[in-house]
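First comes the structure, then the notes that go with it.
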Amino acid sequence: MAPSSDAAADGEPSGDVMTYHLKAEHELRIEVDFDRQVTVKLLSGDAEIFGCELPKGGAKTLSGVKCAIFTWHAAQIQIVGKPDACYEAEASAAMRSYLNLHTALEERRKAAVTTTSPTTKGPRVLVVGNTDAGKSTVCKILCSYACRADAMHGGVAAAAGHDHWVPVFVDLDVGQNSVTPPGTICAVPVDAPVDPVDGWPGEAPLVYYFGHASPGENAAHYKALVESMARVLAQRETDDVLARAAGLVVNTMGWTDGLGYDLLLHAISALSIDIVAVIDHDKLTAQLKAHVGSQGGDVQVVKLPKSGGVVTRDTNFRKRARDRMIRSYFYGSRSELNPCASAIDASSFKVFRVGGGARAPNTALPLGATSRMDPLRVAPLPMTRDLERCVLGVLHGDNAALGDADVLSKPCAGIVCVTEVDASRGKVHILQPSPGSLPSKLLLSGTMRWND
Ligand SMILES: Nc1ncnc2c1ncn2[C@@H]1O[C@H](COP(=O)(O)OP(=O)(O)O)[C@@H](O)[C@H]1O
Ligand SMILES: [Mg+2]
1 MAPSSDAAAD
11 GEPSGDVMTY
21 HLKAEHELRI
31 EVDFDRQVTV
41 KLLSGDAEIF
51 GCELPKGGAK
61 TLSGVKCAIF
71 TWHAAQIQIV
81 GKPDACYEAE
91 ASAAMRSYLN
101 LHTALEERRK
111 AAVTTTSPTT
121 KGPRVLVVGN
131 TDAGKSTVCK
141 ILCSYACRAD
151 AMHGGVAAAA
161 GHDHWVPVFV
171 DLDVGQNSVT
181 PPGTICAVPV
191 DAPVDPVDGW
201 PGEAPLVYYF
211 GHASPGENAA
221 HYKALVESMA
231 RVLAQRETDD
241 VLARAAGLVV
251 NTMGWTDGLG
261 YDLLLHAISA
271 LSIDIVAVID
281 HDKLTAQLKA
291 HVGSQGGDVQ
301 VVKLPKSGGV
311 VTRDTNFRKR
321 ARDRMIRSYF
331 YGSRSELNPC
341 ASAIDASSFK
351 VFRVGGGARA
361 PNTALPLGAT
371 SRMDPLRVAP
381 LPMTRDLERC
391 VLGVLHGDNA
401 ALGDADVLSK
411 PCAGIVCVTE
421 VDASRGKVHI
431 LQPSPGSLPS
441 KLLLSGTMRW
451 ND
């Protein structure tokens, strides 16, 4: 239905308040640039932003977002401010298929929590597709729906004190991360619908620092980190029946051919994926079906439509989005945090990089093969000005016990950014999220750079 201008209706001279009357299974798609603010309010009916319900009468202020306010039944939405784009569209096909997938996941969760078999797990879904297919959005919707569902059963619910699932969201996209800074992979338990303003819950994420915006920079290192994360998640599931039943929702990058495809297959196997949801990609669907068929396992490959609302982002936008993500790590998304600039002794920590060493002498290789760089070699880096602007991952762990192998397996406690290397004084100036000494002396570098 056409929007009405409240100003016109009231006869008051304000053109910035619009009321939209959305029909069932329609959505209001809104784009708001970073330098603007738009307030949305649900006046009546029901509405959700990527699976997170809008409270009736409650207002949300959006800035720097492209999103959709969707209604299953009908809704009256008030928009205050000037969005860069705002239009209504029908969204039944995409949203119904996402809901159907969610319903299938719920069945598996219920089956997993009611079984006595310790090996029966809840759904482990991997969302794949090209860039700008809506993968991150589908992950958000699936996690939010799982958190909203009244899905607990009998004594399990009561014993756990939960009334909804807490699925784990795994983000394997090191270039356009949803939760943690670029260059990382992470797993985070999602215990509430993903708020359109506050984003994903950031509590207790399990993070690994890779240090590059593309896994192609060092695929072996990337795979090693995915495997390390998978081991920790498997342990958590062994200890916790509800975690095992709630399952995983895994986001991937949009690289689906060549090495990118190989990395998807690796993730399927490392994380014991049992449902692969392919968004709008017939060739990939066919390839994956043929692959899982040849493996003889019970991995299901399902096809999902792409929402007509997904907005494409160019390379420059992606780079800016990464810079913003690092900025908000240090300063907060609303500049509410105070990072700390400190000068630390170069002798008090070590910076490593992964890859770059010689793999093996040519004489040790088959005839005709040549030696390549060992992608998993851990090498210390000198404290030179080359480190300036470098984003470094600070690895978790007991300082005394850390060795090369830890670099490939230890989670990351946070990131710091090198602002200046003063070699003559033996000092390295860094920006860190909070004051105090670093959680460990082991820092990992890659190709991520950032300018404060
Ligand atoms: N239905 C929709 N209406 C409006 N914007 C959308 C819709 N679905 C997704 N978007 C936006 O489109 C952009 C790309 O979607 P995203 O899920 O990040 O794609 P991908 O992860 O596949 O690259 C994001 O900014 C997202 O918020
Ligand atoms: Mg994405």
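Numbering (UniProt numbering), first residue to last: 1 to 452. Glycine is no exception: its CB is placed at the ideal position from the N, C-alpha and C atoms. Only a predicted model underlies this, so the values are computations on that prediction, with no experimental measurement involved.
Item: LYS121 beta carbon near ligand 1 (any heavy atom closer than 7 Å); Value: no
Item: Beta-carbon proximity check, ILE275 vs ALA267, cutoff 8 Å; Value: no
Item: For LEU304: DSSP bridge partner residues; Value: ILE279
Item: Same chain only: Cβ atoms within 8 Å of LYS223, ignoring 5 sequence neighbours per side; Value: LEU263, HIS266 and ALA270
Item: Contact test: SER136 Cβ vs ligand 2 heavy atom, cutoff 7 Å; Value: yes
Item: LEU438 beta carbon less than 8 Å from that of VAL394; Value: yes
Item: Distance CB(ASN218)-CB(CYS139) smaller than 8 Å; Value: no
Item: Contact test: GLN432 Cβ vs ligand 2 heavy atom, cutoff 7 Å; Value: no
Item: Bridge partners - PRO196, DSSP secondary structure assignment; Value: None; PRO196 has no bridge partner.
Item: Nearest candidate by alpha-carbon position, reference ARG36, set GLY64, VAL17 and CYS52; Value: GLY64
Item: Cβ contact check for the segment 195-208 and the segment 241-249: 3 or more pairs under 8 Å; Value: no
Item: Of the residues GLY397, PRO411, LEU337 and VAL311, the one placed nearest PRO435, counting alpha carbons only; Value: LEU337
Item: First through last residue of the beta strand (DSSP E) which encompasses LEU126; Value: 124-128
Item: Boundaries of the alpha helix (DSSP H) in which LYS56 is found, first to last residue; Value: Element bounds for LYS56: n/a, residue is neither H nor E.
Item: CA nearest to the CA of ASN451, picked from MET383, PRO83, LYS319 and LYS82; Value: LYS319
Item: Alpha-carbon spacing of SER136 relative to VAL170, whole angstroms; Value: 11 Å
Item: Span of the beta strand (DSSP E) around ASP171; Value: 168-171
Item: PRO189 in three-state terms, based on DSSP; Value: strand
Item: THR180 Cβ short of 7 Å to ligand 1 heavy atom set; Value: no
Item: For GLU107 and HIS429, the rounded distance between their alpha carbons; Value: 53 Å
Item: Distance, LYS110 Cα to ALA286 Cα; Value: 30 Å
Item: Same chain, Cβ closer than 6 Å to GLY254, neighbours up to 5 away in sequence not counted; Value: ASN130 and THR131
Item: Unbroken alpha helix (DSSP H) run spanning CYS139, endpoints; Value: 135-148
Item: DSSP-derived helix/strand/coil call for ARG449; Value: strand
Item: Validate contact between the segment 94-103 and the segment 287-306 using beta carbons, cut 8 Å, 3 pairs; Value: yes
Item: Identity of the residue in THR19, ALA59 and PRO201 nearest PRO167 by Cα; Value: PRO201
Item: 8 Å Cβ cutoff met for SER440 and ALA413; Value: yes
Item: Length of the line joining the Cα atoms of THR61 and PRO215; Value: 35 Å
Item: ASP352 - DSSP class collapsed to helix/strand/coil; Value: Note on residue identity: the sequence assigns Phe, not Asp, to residue 352. In the structure shown, PHE352 sits in a strand (DSSP, three-state: E or B).
Item: Distance cut-off 7 Å: SER92 Cβ against heavy atoms of ligand 1; Value: no
Item: Cβ-based burial, ARG231 [other Cβ within 10 Å; buried from 16]; Value: exposed
Item: LYS319: first and last residue of the uninterrupted beta strand (DSSP E) it sits in; Value: Here LYS319 belongs to no beta strand (DSSP E); instead the alpha helix (DSSP H) covers 315-331.
Item: GLU27: CB within 7 Å of a non-hydrogen atom of ligand 1; Value: yes
Item: ALA159, buried or exposed, once every other Cβ within 10 Å from all chains shown has been counted against 16; Value: Bear in mind that a pLDDT of 48 at ALA159, under 50, signals an unreliable position, so the model cannot answer this.
Item: Among LYS121, ASP84, GLY309 and HIS221, nearest to GLU374 - alpha-carbon criterion; Value: Residue identity differs from the one stated: residue 374 is Asp in this sequence, not Glu. Measuring from the Cα of ASP374, the nearest candidate turns out to be HIS221.
Item: beta-carbon ASN130 near ligand 2 non-hydrogen atom, thresh 7 Å; Value: no
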